[in-house]
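These notes are about the structure you will find just below.
Spelled out as structure tokens, the structure:
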């Protein structure tokens, strides 16, 4: 099993550009999450999907959109990137709202 | 509202000595508590969790944590530290009554184990 995979691993954008971060899990988990990790701030929840067909806002949703494409895939889109969105982005999945399994992360820099 | 605090940015310990990484939390309902570890350039890995029952929870790699309701704490412990334990540790909490799918993570504590 690959677990949770994320693409790309690294990305550099210019302010105003758009991009989509991809996430897939092969553990048949119902729930999926997107977090951002910034130094000294831990992980902050951007959006989550409790089950296929549903998405909800987390702590810091502004500037992001998500799509739960199917049970396996959950993508995060930045429509117009800003330097404040420079961060490391983690996708996670879980069978229940408890123990989460994390992907390796995407390091995004917005210039 | 849920919150979690990790009061130490870094903990230094010598190999073979016991280690403690501190965590306190605040929830309005019953807490579900978690510890995760992050190695360099990797995603977080689950270590252990407290849902209900015995206040002493045992997890992966010899780690354990003690739930203390009166002190609202969930400190991570290990009797004998290894150099390979050096990593970033995150405490997390979810309010079982009102938290839904939202787990709140602390800022993290960097553990450095010296040989």
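Residue numbers (my numbering), protein chains in the order written: chain A, -12 to 98; chain B, 3 to 117. Note that CB positions come from ideal geometry on N, CA and C, so glycine has one too. Quick caveat, the model's predicted, so the values are computed rather than measured.
For residue j and residue i, believed in contact at Cβ under 8 Å, the rounded distance
i                     : j                      : result
residue 38 of chain B : residue 49 of chain B  : 6 Å
residue -7 of chain A : residue 8 of chain A   : 7 Å
residue 65 of chain A : residue 45 of chain A  : Actually they are not in contact, since the Cβ atoms of residue 65 of chain A and residue 45 of chain A sit about 15 Å apart, beyond 8 Å.
residue 85 of chain A : residue 71 of chain B  : In fact, because the Cβ distance is near 19 Å, the residues do not count as touching under 8 Å.
residue 47 of chain B : residue 112 of chain B : Not a contact, Cβ separation roughly 16 Å.
residue 57 of chain B : residue 66 of chain B  : With a Cβ gap of about 11 Å, residue 57 of chain B and residue 66 of chain B do not count as contacting.
residue 44 of chain B : residue -5 of chain A  : Incorrect: roughly 16 Å between the Cβ atoms, too far for contact.
residue 74 of chain A : residue 3 of chain A   : So it is not a contact: roughly 17 Å between Cβ atoms.
Exposed unless 16 or more other CB atoms sit within 10 angstroms - verdict on residue i
i                      : result
residue 1 of chain A   : exposed
residue 79 of chain A  : buried
residue 27 of chain A  : exposed
residue 92 of chain B  : buried
residue 107 of chain B : buried
residue 12 of chain A  : buried
residue 33 of chain B  : buried
residue 36 of chain A  : buried
residue 89 of chain B  : buried
residue 98 of chain A  : exposed
residue -1 of chain A  : exposed
residue 59 of chain B  : buried
residue 93 of chain A  : buried
residue 29 of chain A  : buried
residue -3 of chain A  : exposed
Neighbourhood of residue i by C-beta, 8 Å cutoff - its chain only, sequence neighbours within 5 removed
i                     : result
residue 38 of chain A : 17 and 18
residue 73 of chain B : 26
residue 3 of chain B  : 28 and 30
residue 42 of chain A : 34, 35, 36, 53, 54 and 55
Proximal residues to residue i (C-beta, below 6 Å), its chain only, five neighbours per side dropped
i                     : result
residue 62 of chain A : 7, 9 and 54
residue 5 of chain B  : 28
residue 81 of chain A : 16, 18 and 87
residue 75 of chain B : 26
residue 62 of chain B : 49
residue 1 of chain B  : An answer regarding residue 1 of chain B cannot be provided, because it is not within the stretch 3 to 117 covered by chain B.
residue 14 of chain B : 114
residue 53 of chain B : 34
residue 96 of chain A : -1 and 73
For residue i, the residue or residues it bridges with in DSSP
i                      : result
residue 52 of chain A  : A:64
residue 106 of chain B : B:95
residue 70 of chain B  : B:75
residue 42 of chain B  : Its beta-bridge partners do not exist; DSSP assigns none.
residue 44 of chain A  : A:34
residue 34 of chain B  : B:96
residue 6 of chain B   : B:27
residue 2 of chain A   : In DSSP, residue 2 of chain A forms no bridge with anything.
residue 14 of chain B  : B:114
Cutoff 7 Å; reference residue i; Cβ partners in own chain excluding five residues on either side
i                      : result
residue 16 of chain B  : 116
residue 89 of chain A  : -9, 77 and 79
residue 109 of chain B : 8
request  = Please determine if the segment 17 to 34 of chain A and the segment 45 to 62 of chain A are in contact, where contact requires at least 3 C-beta pairs separated by less than 8 Å.
outcome  = yes
query = Is the segment 69 to 84 of chain B touching the segment 16 to 26 of chain B, taking contact as three or more C-beta pairs under 8 Å?
reply = yes
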